[in-house]
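Have a look at the structure below, then the notes.
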Amino acid sequence: MALQATIWRACQLSRRLVNPAVRLHGVNPAVSSWIVKRPYAISVDRLDHFVLTVKSIDVTVDFYTRVLGMRVDTFKGGRKALHFGQQKVNLHEHGNEFEPKAHAPMPGSADVCLITKHSAEEVLEHLKKCDVAVEEGPVQRTGALGPILSVYFRDPDHNLIEVSSYTEQSTN
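Read in order, the letters of the sequence shown correspond to residues 1 to 172 in the UniProt record's numbering.
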């Protein structure tokens, strides 16, 4: 009974405190009042990798290295990953996924936005040279850091790939 009371008091106290992320990162508590009176939470910094479940690893590697300039890496157990910037995409072949895996891994279910320094016109020209059909674009969208100009197309598994560049407005 004493333990339950202690836990209850700790929860009540944590709801009254400001999340430490507010103090550590200099966020104005008045602006971020939604953080106040919440239990402490972990803080996520960035995306390291994600997994694409594909029909054919070889076909996927060819597409992403040829069309998007990613580099392939083979690691533990012959697994393949595609690297770009400071991120990577681990590849799982449908029916031969590695554990742990998503609840219902399926080729063609991804919708991903990748950022480039190239203009939308350069992206369109490159996709044409690579015989990749454009689904839509260039179109204005909103990225994580502001306005972006996006071009959409599909990979061999029909995943929707959006290649975008930030507009001058978002970089000022």
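For glycine and all other residues, C-beta sits at the position ideal for the given N, C-alpha and C.
When Gln140, Phe153, Lys76, Val72 are compared, the shortest CA-CA separation from His126 is found for Phe153.
The continuous beta strand (DSSP E) containing Lys80 extends over residues 79 to 84. DSSP, read as helix, strand or coil, puts Phe98 in coil. Here Tyr166 is bridged, per DSSP, to Ile148. When only Cα atoms are considered, Val89 and Gly108 end up about 15 Å apart. Here the alpha carbons of Asp131 and Ser164 stand approximately 19 Å from one another. In this structure, Leu91 places its C-beta atom within 7 Å of the C-beta atom of Ile57. Of the candidates Leu47, Leu68, Asp155, Leu47 places its Cα closest to the Cα of Gln86.
Under DSSP, Leu160 forms a beta bridge with Asp111, Arg154.
According to the DSSP assignment, Leu52 belongs to the beta strand (DSSP E) that extends over 49 to 54.
Between the C-alpha atoms of Lys129 and Arg66 there is a straight-line separation of about 11 Å.
Sequence-distant Cβ neighbours of Glu135 in its own chain, meaning closer than 8 Å and more than five residues away, are Tyr152, Phe153, Arg154, Leu160. For His118, same chain residues with a beta-carbon under 6 Å away, outside a window of 5 residues either side, do not exist. According to the DSSP secondary-structure assignment, Leu91 is paired through a beta bridge with Leu52, Lys80.
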